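Encoded as structure tokens, the structure appears first; notes follow it.
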Amino acid sequence: MSLKGRVAIVTGGAARIGAAMVSALADEGMPVCIHYGRSREAAEELAVRLAATGAKVTTVSADLRESDASAVKIVDHCLQTLGPPDVLICSASIFEPGELTTTFDDEWDRYLAIHLKAPAALCREFVRTRAPGKRQHILMMLDGRVLRPGPGHLAYAVSKCALASLARILAQELAPDVQVNGIAPGAILPPEGTSEDHLRRAEAKIPLRRRGNPGDIVQTMLYLLRSDFVTGQIVAVTGGEEL
Ligand SMILES: NC(=O)c1ccc[n+]([C@@H]2O[C@H](COP(=O)([O-])OP(=O)(O)OC[C@H]3O[C@@H](n4cnc5c(N)ncnc54)[C@H](OP(=O)(O)O)[C@@H]3O)[C@@H](O)[C@H]2O)c1
Numbered sequence: 078m079s080l081k082g083r084v085a086i087v088t089g090g091a092a093r094i095g096a097a098m099v100s101a102l103a104d105e106g107m108p109v110c111i112h113y114g115r116s117r118e119a120a121e122e123l124a125v126r127l128a129a130t131g132a133k134v135t136t137v138s139a140d141l142r143e144s145d146a147s148a149v150k151i152v153d154h155c156l157q158t159l160g161p162p163d164v165l166i167c168s169a170s171i172f173e174p175g176e177l178t179t180t181f182d183d184e185w186d187r188y189l190a191i192h193l194k195a196p197a198a199l200c201r202e203f204v205r206t207r208a209p210g211k212r213q214h215i216l217m218m219l220d221g222r223v224l225r226p227g228p229g230h231l232a233y234a235v236s237k238c239a240l241a242s243l244a245r246i247l248a249q250e251l252a253p254d255v256q257v258n259g260i261a262p263g264a265i266l267p268p269e270g271t272s273e274d275h276l277r278r279a280e281a282k283i284p285l286r287r288r289g290n291p292g293d294i295v296q297t298m299l300y301l302l303r304s305d306f307v308t309g310q311i312v313a314v315t316g317g318e319e320l
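Following this line, the structure appears as structure tokens:
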């Protein structure tokens, strides 16, 4: 399926993996609505850089803890500026360590809002814009942990598992008009401040013996968006770490 001219929304698109996906979509000739939370400067710089290459881009900020309101705002902004969206990529995320004894209402509420309720609300508003006969595509950014859950980041991992289930259920509920898939990255970009020693030990546990990079995610994203017979799948981009 050709991507040129298809309109995309990317949440958390101002920085890191989100920004790499935004740039790749714009390079494919896709108008992109870049959602950001707090990274206004980075979002605007990215938009200016891409616009200078002839890409059509727009930015919109919304706090995804307000799931319904942010979903309406983001999809509406896209409709008004770029037209009806064909692609929705839910990449915005938070990531902190946590275990049962340190995880209370506040942590559960934040993680479930950002990783589950906001993507669900975005999917709802997104599919409402679908014109009859038109195909849409949703991609959820998950984590290798959804394929092999383990302790250490409790609310993060549980909420990403819930998001993976949402993707697989919506792949059925929204078929045949909407394809829904997930990408489960492994070690791609470490959180800021991660020590070299920690990174080396982590790489030693990966069968392919290296960290991935945003380009690995971008290749998978483009494959999934071009496909017209792949839905409900979770593609691990982990170097085999979850095995
Ligand atoms: N990095 C990795 O190696 C890795 C590994 C496994 C899975 N993943 C998944 O891949 C995706 C991209 O990873 P990443 O590391 O690039 O993500 P990230 O830097 O952790 O987060 C992406 C963006 O999410 C936005 N965000 C967080 N809370 C928000 C809120 N309340 N409202 C609005 N936006 C909010 C932030 O936007 P602002 O800065 O604009 O506030 C942030 O820049 C994520 O879903 C992540 O879980 C990444």
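Numbering (our numbering), first residue to last: 78 to 320.
We put the CB at the ideal spot given by N, CA and C, even for glycine.
Predicted model only: the values in this text are computed from it and were never measured.
If I'm right that residue i touches residue j with Cβ under 8 Å, what's the distance once you round it to whole angstroms?
{"i": "Val314", "j": "Ile294", "result": "6 Å"}
{"i": "Gly106", "j": "Lys81", "result": "4 Å"}
{"i": "Glu149", "j": "His112", "result": "Going by the sequence as given, residue 149 is Val instead of Glu. So it is not a contact: roughly 13 Å between Cβ atoms."}
{"i": "Leu301", "j": "Leu216", "result": "6 Å"}
{"i": "Leu205", "j": "Gly309", "result": "Sequence inspection shows Arg at residue 205; the Leu mentioned does not correspond to that position. So it is not a contact: roughly 21 Å between Cβ atoms."}
{"i": "Ile166", "j": "Tyr188", "result": "No, Ile166 and Tyr188 are not in contact; Cβ-Cβ is about 19 Å, not under 8 Å."}
{"i": "Ala91", "j": "Ala119", "result": "4 Å"}
{"i": "Met78", "j": "Arg303", "result": "5 Å"}
{"i": "Ile94", "j": "Leu141", "result": "The pair is not a contact, with the Cβ atoms about 16 Å apart (cut-off 8 Å)."}
{"i": "Ser168", "j": "Gly89", "result": "4 Å"}
{"i": "Leu123", "j": "Ala96", "result": "6 Å"}
Between residue i and chain D, is any beta-carbon pair separated by less than 8 Å?
{"i": "Cys110", "result": "You won't find chain D in this structure, because it holds only one protein chain."}
Can you look up residue i in the DSSP assignment and give me helix, strand or coil?
{"i": "Ile166", "result": "strand"}
{"i": "Pro196", "result": "helix"}
{"i": "Val99", "result": "helix"}
{"i": "Ser116", "result": "coil"}
{"i": "Ala86", "result": "At residue 86 the sequence reads Ile, which differs from the Ala that was named. Ile86: strand per DSSP, three-state reduction."}
{"i": "Gly210", "result": "coil"}
{"i": "Leu177", "result": "helix"}
{"i": "Gly236", "result": "For the record, residue 236 in the displayed sequence is Ser; it is not Gly. In this structure, Ser236 counts as helix in the three-state DSSP scheme."}
{"i": "Val204", "result": "helix"}
{"i": "Ile215", "result": "strand"}
{"i": "Gln157", "result": "helix"}
{"i": "Gly259", "result": "strand"}
{"i": "Val307", "result": "coil"}
{"i": "Ile265", "result": "coil"}
{"i": "Ala132", "result": "coil"}
{"i": "Ala313", "result": "strand"}
Quick one: residues in its chain with C-beta nearer than 7 Å to the C-beta of residue i, no 5 flanking neighbours on either side, listed in chain order?
{"i": "Thr297", "result": "Ile260, Val312 and Val314"}
{"i": "Arg117", "result": "Ser138"}
{"i": "Arg83", "result": "Met107, Asp163 and Val164"}
{"i": "Pro267", "result": "Leu276"}
{"i": "Ala252", "result": "Thr308"}
Using a Cβ-Cβ cutoff of less than 6 Å, which residues in the same chain neighbour residue i once the five nearest sequence positions on both sides are dropped?
{"i": "Ile283", "result": "Gly316 and Glu318"}
{"i": "Glu250", "result": "none"}
{"i": "Leu320", "result": "none"}
Ordered along the chain, which non-local residues of its own chain (more than five positions away) have a Cβ less than 8 Å from that of residue i?
{"i": "Gly289", "result": "Pro262, Gly263, Ala264, Ile265, Val314, Thr315 and Gly316"}
Legend entry - Given 8 Å, three or more beta-carbon pairs between the segment 268-284 and the segment 224-231: no
Legend entry - Quiz: which residues have CB nearer than 6 Å to ligand 1 non-hydrogen atoms: Gly89, Ala91, Ala92, Arg93, Ile94, Gly95, Tyr113, Gly114, Arg115, Ser116, Asp140, Leu141, Arg142, Ser168, Ala169, Ser170, Ile171, Phe172, Ile191, Met218, Asp220, Pro262, Ala264, Ile265 and Leu266
Legend entry - Contact between the segment 171-184 and the segment 121-134 (3+ Cβ pairs under 8 Å): no
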